[in-house]
Amino acid sequence: MATNFKSHLPIIDIKPLLVKCNGSDMMDDTGVAEAVRKLDQACRDVGFFYVIGHGISESLMRKVKEMTHRFFKLPYEEKLKIKITPAVGYRGYQRIGVNYTSGKQDFHEAIDCYREFKQGKYGETGKVLEGLNQWPEYPQEYKGLMDEYIKLCTDLSRNILRGISLALGGSPYEFEGEMVGDPFWVMRIIGYPGVNQENVIGCGAHTDYGLLTLINQDDDKTALQVENLAGDWVSAIPIPGSFICNIGDMLKILSNGVYESTLHRVINNSHRYRVCIAFFYETNFDAVVEPLDIFKEKYPGDKRSQVSRRVVYGEHLVNKVQTTFENLVEHS
Numbered sequence: 072m073a074t075n076f077k078s079h080l081p082i083i084d085i086k087p088l089l090v091k092c093n094g095s096d097m098m099d100d101t102g103v104a105e106a107v108r109k110l111d112q113a114c115r116d117v118g119f120f121y122v123i124g125h126g127i128s129e130s131l132m133r134k135v136k137e138m139t140h141r142f143f144k145l146p147y148e149e150k151l152k153i154k155i156t157p158a159v160g161y162r163g164y165q166r167i168g169v170n171y172t173s174g175k176q177d178f179h180e181a182i183d184c185y186r187e188f189k190q191g192k193y194g195e196t197g198k199v200l201e202g203l204n205q206w207p208e209y210p211q212e213y214k215g216l217m218d219e220y221i222k223l224c225t226d227l228s229r230n231i232l233r234g235i236s237l238a239l240g241g242s243p244y245e246f247e248g249e250m251v252g253d254p255f256w257v258m259r260i261i262g263y264p265g266v267n268q269e270n271v272i273g274c275g276a277h278t279d280y281g282l283l284t285l286i287n288q289d290d291d292k293t294a295l296q297v298e299n300l301a302g303d304w305v306s307a308i309p310i311p312g313s314f315i316c317n318i319g320d321m322l323k324i325l326s327n328g329v330y331e332s333t334l335h336r337v338i339n340n341s342h343r344y345r346v347c348i349a350f351f352y353e354t355n356f357d358a359v360v361e362p363l364d365i366f367k368e369k370y371p372g373d374k375r376s377q378v379s380r381r382v383v384y385g386e387h388l389v390n391k392v393q394t395t396f397e398n399l400v401e402h403s
């Protein structure tokens, strides 16, 4: 469970990790050791933190948000050309009110994307998500931009997880190989309309179900809220050029419960439209996720190490997707 924090989430400069990310002697570097110490503290105490020094240019992060604003400003008829349906693998645009969290309707619209894979690769489970991501005709350069962005986010997530693996006392590569050697990913490109009243829930309280999330949000609107141990909602105030990073349910399981995924929600009380691009870095689609032996051995006496769940990630994801969109209907 996340412990109390009052205002800003921890800010972690991970540049040393990126410089040394392929070295077996990473922890011999004082900069890496300090970044790892901060990652450990953030994951134990909060489950959320800002990442700076990540190597993805602020201009690219800003362009992704600008192009996303341009898409959401299009008429509904244009956006619905890439409408999400079960027939296209739950990929594409969903209009306001389609998404539900914990059975309650959310006030946002979005484009949902998943890593593409060959038909039949993941058997019956994977059939639900088979398909190609749907990208709009306008803005014309949107797909190319997002392809580049996804690759960079994938590499960044892998390197952050190497730091988290070190923070837990393992080698840098505990979250690779059979577990995350062929990582799946999910991306939600989300638009939150401005409202003229308080406490309209843009996205209801939830934990993320994967390993690690990178959030690229508008710099001038505060809407993301994280729940602390006291049950208070603390705002994640935007810091330009940073990602907000949080750990998900799969990392909680793999760490044997040492790190906890934290509840968060979105309330856009601003009268202005807000966008957020959330990139979810996951295990292999067919990975059987359970506490790793190394962390069961290292934390046998930790009272929080009560994680005994054994989850096939792809089954978990498909269940979440179908539950979220159980009310998916055709709109005229």
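FYI, the numbering for the sequence shown is 72 to 403, going by the numbering used here. We put the beta carbon where it would ideally sit given N, CA and C, even for glycine.
### Query
Span of the beta strand (DSSP E) holding Phe255?
DSSP places Phe255 in the uninterrupted beta strand (DSSP E) bounded by Pro254 to Tyr263.
### Query
Given that a residue counts as buried once 16 or more other Cβ atoms are within 10 Å of its Cβ, and exposed if not, what is Pro254?
By the 10 Å Cβ count, Pro254 comes out buried.
#### Entry: Best match in Arg108, Val389 and Arg141 for proximity to Glu208 [C-alpha to C-alpha]
Considering only alpha carbons, the answer is Arg141.
### Query
What three-state label does DSSP hand Thr196 in the structure shown?
In the three-state reduction of the DSSP assignment, Thr196 falls in the helix class, which pools H, G and I.
### Task
May I ask you to list the residues that DSSP assigns as paired with His335?
Residue pairing of His335 in beta bridges, as defined by DSSP: His277 and Val297.
### Task
Assess, as a yes-or-no matter, whether the stretch 322–332 is touched by the stretch 112–128 under the definition of 3 or more beta carbon pairs within less than 8 Å.
Verdict: yes, contact present.
### Task
List in chain order: all unbroken alpha helix (DSSP H) runs of 4+ residues lying wholly within the stretch 154–202.
Segments of the alpha helix (DSSP H) lying fully in the stretch 154–202: 194–198.
### Task
Please specify which runs of the beta strand (DSSP E), each continuous and at least 3 residues long, are wholly inside the stretch 80–154, giving them in chain order.
Whole beta strand (DSSP E) segments, 3+ residues: 82–84 and 119–123.
### Query
Rounded to a whole number of angstroms, what is the C-alpha to C-alpha distance between Asp183 and Phe396?
Going by the C-alpha atoms only, they are around 12 Å apart.
### Task
Take Ser376 and list the residues in its own chain whose beta-carbon comes closer than 6 Å to its own, dropping the five residues that flank it on each side.
With a pLDDT of 49 at Ser376, under the threshold of 50, the modelled position of that residue is not reliable, and the figure given next carries that caveat. Result list for Ser376: Asn327, Gly328 and Tyr370, in chain order.
### Query
How is Ser376 classed by DSSP in three states: helix, strand or coil?
Any reading at Ser376 needs caution, since the residue's pLDDT is 49, under 50, leaving its predicted position unreliable; the model's value is listed next. Coil at Ser376, not helix or strand.
### Query
For Arg343, which three-state DSSP category applies?
If DSSP states are grouped into helix, strand and coil, Arg343 belongs with coil.
### Whole-number beta carbon distance between His335 and Val392, since they are thought to touch under 8 Å
Actually they do not touch by this definition, with Cβ atoms about 19 Å apart.
### Message
Do Ile123 and Gly312 count as a contact pair if the criterion is CB distance below 8 Å?
### Response
Result yes, Cβ atoms of Gly312 and Ile123 sit closer than 8 Å.
#### Entry: Strand pairing of Cys316, partner residues [DSSP]
Beta-bridge partners of Cys316 (DSSP): Phe120 and Leu285.
### Inter-residue CB distance, Phe178 and Pro264 (contact presumed, cutoff 8 Å)
7 Å between Cβ atoms; contact.
### Integer-rounded CB distance, given that Asn317 should sit under 8 Å from Asp427
The first residue shown for the chain is 72 and the last is 403, placing residue 427 beyond what the model contains.
### Message
Taking a contact to mean a Cβ-Cβ separation below 8 Å, would you say Phe420 touches His125 in this structure?
### Response
Only positions 72 to 403 of the chain appear in this structure, which leaves residue 420 out of reach.
### Task
Could you pull out every residue in the same chain whose Cβ sits closer than 6 Å to the Cβ of Lys77, ignoring the five residues on either side in sequence?
Because Lys77 carries a pLDDT of 44, less than 50, the predicted location of this residue cannot be relied on, and no value is offered for it.
### For Gly197, the nearest candidate out of Trp206, Gln205 and Tyr185 (CA to CA)
From the listed residues Trp206, Gln205 and Tyr185, the smallest Cα separation to Gly197 is found for Tyr185.
### Query
Below 8 Å, can you find three or more Cβ-Cβ pairs linking the stretch 243–254 to the stretch 352–372?
The answer is yes - the stretch 352–372 touches the stretch 243–254, with three or more Cβ pairs under 8 Å.
### Message
Taking DSSP's pairing of strands, which residues face Phe351 in a bridge?
### Response
DSSP lists Val257 and Thr284 as partners of Phe351.
### Query
Near Gly241, what residues of its chain come up, given a Cβ to Cβ distance below 6 Å and the 5 sequence neighbours on each side ignored?
Result list for Gly241: Ile365, in chain order.
#### Entry: Neighbourhood of Leu237 by C-beta distance below 7 Å, restricted to the same chain and skipping five residues each side
In the same chain as Leu237, and ignoring 5 residues on each side of it, the C-beta atoms closer than 7 Å to its own belong to Met97, Met98, Val107 and Pro243, in chain order.
### Query
Do the stretch 272–289 and the stretch 346–355 make contact, defined as three or more Cβ pairs closer than 8 Å?
Short answer: they touch.
### Message
Taking the alpha carbon of Met321 as the reference point, which residue from Leu283, Tyr344 and Leu300 has its own alpha carbon closest?
### Response
Considering only alpha carbons, the answer is Leu283.
### Query
Is the CB-CB distance between Ala181 and Ile261 below 8 Å?
In this structure, Ala181 sits near Ile261, with a CB-CB distance shorter than 8 Å.
### Task
Identify every residue that forms a DSSP beta bridge with Ile272.
Within the DSSP bridge table, the entry for Ile272 names Ile338 as partners.
### Query
For Asn204 versus Glu187, is the C-beta spacing smaller than 8 Å?
In this structure, Glu187 lies closer than 8 Å to Asn204 by Cβ.
### Query
Quick one, which of Pro362, Lys367, Gly319 and Val389 has its alpha-carbon nearest Phe119's?
Put simply, of Pro362, Lys367, Gly319 and Val389 the residue whose alpha carbon is nearest the alpha carbon of Phe119 is Gly319.
### Anticipated Cβ contact below 8 Å, Gly168 with Lys154, distance rounded
At roughly 14 Å, the Cβ-Cβ gap does not stay under 8 Å, so Gly168 and Lys154 are not in contact.
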